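Here is the structure we will look at, set down as structure tokens.
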Amino acid sequence: MKEALVKKAYDVAQSRYAEIGIDTEAVLRQLQDFHLSLHCWQADDVHGFEQQAGQLSGGIQSTGDFPGAARNIDELRQDILKAKSLIPGNHRLNLHEIYGDFKGKVVDRDEVTVEYFQSWIDWAKDNDTLLDFNSTSFSHPKSGNLSLANPDKGIRDFWIEHTKRCRDIANAMGEAQGDPCIMNLWVHDGCKDVSVNHALYRHLLKASLDEIFAKPQPMMKDCIEGKVFGIGLESFTVGSHDFYTAYAAQNGKIVTIDTGHYHPTESPADKVSALLPFISELMLHVSRPIRWDSDHVTIMDDPTQELFSEIVRAGALDRVHYGLDFFDGSINRIGAYVIGSRSAQKCMLRALLEPTKTISEKELAGEGYKVLALIEEQKAMPWQAVYDEFCRRNNVPVGQDFIQEIDQYVDAVISRRY
Ligand code: RNT
Ligand code: ZN
């Protein structure tokens, strides 16, 4: 892409935005300070590195078997760095517990310690990357339908122990990096069919959480993620959105909004302003549901745009953590990272470029058609030239030029895996 052309287009865009009171230089600074948390699990279809790894379970599924998935920790790190080199800005990395550096040892989930994440901590430091973390309740012989809400005390205690250890690990990561590690807790617990014990399961989940969160961990932050249903657990989810919202409000925890975890006509974006008066911070799992929680790669669709716009309009940029959570195994996985991340960034950019104050004034003055008109006009403003300039300044490929870099990486690296 011709550099001069990018600059020229940016100059025009800068003037166009100045006309409506938007300073694109200030917006570019905000976008530079906008950090996604890249989920490690797109690189290998949520497989992880446990010696004893089995099938992906827990109501989630990665479909497709596109060749070249990362098979070990070195390949995964290499892929993440490649993806990061094609995404402007600097972004965090979100690890699941099953991605520990187990060095050929069988380490059960109730035995894990920070020792198995030391090489990640070192790698992150060397690569100027901050880490986030997740406990892993799925893909294990004790996963079953119920983990933290299991009436069997032995199984429940196993998962409580796992999750406590994960908080220790997250806290150690936070200490090492001098920035709190965001730890997400999602458990798949639910029922395939009708059940009369909903209250029991929720009581048990609440008690398990109370026990898990009892220990103060100053350098990590807890997020809790609900959902509507998982595959094979269609009738009931113990950790529903309501359950975790109430728990988080009462206990000062962060709510995770996974964009694939609501009824198809329910708006995740609408939850931002509804939760923020009661919940101090939010975590996002930006994904793309197609008919259900199918975890397709994020694109610039209306729900994603609306989500980021609602955060900016609420003045809550610094109260949100921006995790991604898609895992498409049917396409090139570096491509998936780059497309999903850049699309999320573009949605954030468009949100930042909105002349919200002007539109708000019209709305409050009762000038409804002008609100509609201005919002519609924003869609055709030259935001793309601002994004191209952002890429140029960050020394990453502008526009579709990242495609050829991925092709080269496939030839040089990925094709050797098959
Ligand atoms: C599952 C949840 C959860 C997982 C990851 C792998 O429906 O979205 O966040 O996708 O933890
Ligand atoms: Zn999620």
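Per our numbering, the very first residue in the sequence shown carries number 33; after that it's consecutive. Idealized CB from N, CA, C, for every residue including glycine. Owing to the predicted nature of the structure, the values given are computational and were not obtained by experimental measurement.
Per DSSP, Tyr131 lies in no beta strand (DSSP E) and is assigned neither H nor E.
Burial state of Tyr49 is buried, judged by a 10 Å Cβ sphere holding 16 or more other Cβ atoms. For the ligand ZN, residues qualifying as neighbours are Asp290, His317 and Asp357, where qualification means a beta carbon closer than 5 Å to at least one of its heavy atoms (chain order).
Counting only unbroken stretches of 4 or more residues, the alpha helix (DSSP H) elements lying wholly within the stretch 196–247 are 230–244, in sequence order.
In this structure, Cys255 keeps its C-beta atom at 8 Å or more from the C-beta atom of Thr291. At a Cβ-Cβ threshold of 8 Å, Gly91 and His220 count as neighbours.
The secondary-structure analysis by DSSP pairs Asp164 across a beta bridge with Asn126. Per DSSP, the continuous beta strand (DSSP E) segment holding Tyr354 begins and ends at Val352 to Leu356.
Cβ neighbours of Met252 within its own chain (closer than 7 Å, five residues either side excluded): Arg199, Ala202, Asn203, Gly206, Pro212, Cys213 and Met215.
As DSSP reads the structure, Asp254 sits in a beta bridge with Met215. Listed in chain order, the beta strand (DSSP E) runs fully inside the stretch 417–442 amount to none, counting runs of at least 3 residues.
Taking a cut-off of 8 Å for Cβ pairs, the stretch 312–328 and the stretch 254–274 touch, as three or more such pairs fall below it. C-alpha of Phe268 to C-alpha of Ile105: approximately 36 Å in a straight line. Relative to the ligand RNT, the beta carbon of Trp191 is positioned no closer than 7 Å to any heavy atom. Of the heavy atoms belonging to the ligand RNT, at least one sits nearer than 7 Å to the Cβ of His128.
In this structure, the beta-carbon distance from Arg449 to Arg109 does not fall below 8 Å. In the DSSP assignment, Trp324 is bridged to Ile322. In the structure shown, Ile371 adopts helical secondary structure according to DSSP, grouped into three states. Between the alpha carbons of Ser151 and Glu82 lies a distance of about 15 Å. Shown here, Phe268 sits in a strand according to DSSP, grouped into three states. For Thr388, same chain residues with a beta-carbon under 6 Å away, outside a window of 5 residues either side, are Arg345 in chain order.
Its chain contains Arg382, Leu385, Glu386 and Pro387 as the residues whose beta carbon lies nearer than 8 Å to that of Gln410, once the 5 sequence neighbours on both sides are disregarded; these appear in chain order.
The stretch 395–408 makes no contact with the stretch 140–160: fewer than 3 CB pairs, one atom from each, lie closer than 8 Å. In the DSSP secondary-structure assignment, Ser69 is bridged to Arg124 and Gly355.
Check the Cα spacing between Gly132 and each of Trp191, Arg197 and Pro183: the tightest is with Arg197. Rounded to the nearest whole angstrom, the CA to CA distance from Pro296 to Tyr276 is 20 Å. A Cβ-Cβ distance of about 52 Å is found for the pair Asn426 and Pro183, leaving them out of contact under the 8 Å criterion. Annotation for Thr56: the continuous alpha helix (DSSP H) segment containing it runs Thr56 to Gln64. In this structure, Trp218 is the residue among Gly372, Trp218 and His273 with its C-alpha nearest to the C-alpha of His128. With a cutoff of 7 Å, Lys259 counts as near the ligand RNT, since its C-beta is closer than that to a heavy atom of the ligand.
Assigned with DSSP and collapsed to three states, Met332 falls in coil, not helix or strand. In this structure, Ile244 has its CB at a distance of at least 7 Å from all heavy atoms of the ligand RNT. Using a cutoff of 7 Å, the CB of Trp415 does not count as near the ligand RNT, since none of the ligand's heavy atoms is closer than that. When only Cα atoms are considered, Ser167 and Ala85 end up about 15 Å apart.
Counting of Cβ neighbours within 10 angstroms places Lys157 among the exposed residues, the total staying below 16. When secondary structure is reduced to three states using DSSP, Asp290 falls in the strand class.
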